[in-house]
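Visitor: The structure that follows is given in the form of structure tokens.
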Amino acid sequence: MSCRAETEEVYKGFTIYIDENPDVYRGGFEFCISNGTEIQEQGITADAELALSMAQKWVDEHLVITHTS
């Protein structure tokens with residue numbers, strides 16, 4: 001999976017890319033989270049809203065872990 005984007009959003013310093021999954025058999029949407037220099041997380045979900053929600057949740061959880069360690 002690459003960080004291609006139909007939709008791009010910056011959330012708490014991370015860039016979230018969301019695009020249709022190019023796999024015609026699986027379908028859905030893929031998301032990719034970048035800190036500007038490297039991919040931090042990526043995944044595939046059923047729809048674009050869920051992809052954004054999952055990506056934002058990952059960022060929120062990651063920031064909590066980062067600030068408490």
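Quick note on numbering: the numbering used here labels position 45 of the sequence shown as 45, and the sequence is numbered without any gaps. Quick reminder that beta carbons are idealized off the backbone N, C-alpha and C, glycines included.
7 Å is my cut-off, CB to CB: does Asp-47 come that close to chain C?
Guide: Among the protein chains of the structure shown there is no chain C, as only one such chain exists.
Visitor: Quick one: is Val-24 buried, meaning 16 or more other Cβ sit within 10 Å of its Cβ, or exposed?
Guide: exposed
Visitor: Residues in the same chain with beta-carbon distance under 7 Å from Ala-5, minus the five sequence neighbours each way, listed in chain order, please.
Guide: Counting only Cβ-Cβ distances below 7 Å, and skipping sequence neighbours, we find Tyr-17, Ile-18, Asp-19.
Visitor: Can you tell me which of the three DSSP states Val-10 falls into?
Guide: strand
Visitor: Find the nearest neighbour of Glu-8 within the set Asp-60, Leu-52, Glu-41, judged by alpha-carbon distance.
Guide: Leu-52
Visitor: When DSSP builds the beta bridges, which residues end up paired with Gly-43?
Guide: Phe-31
Visitor: Please name the residue or residues paired with Thr-15 in a DSSP beta bridge.
Guide: Val-10, Ser-34
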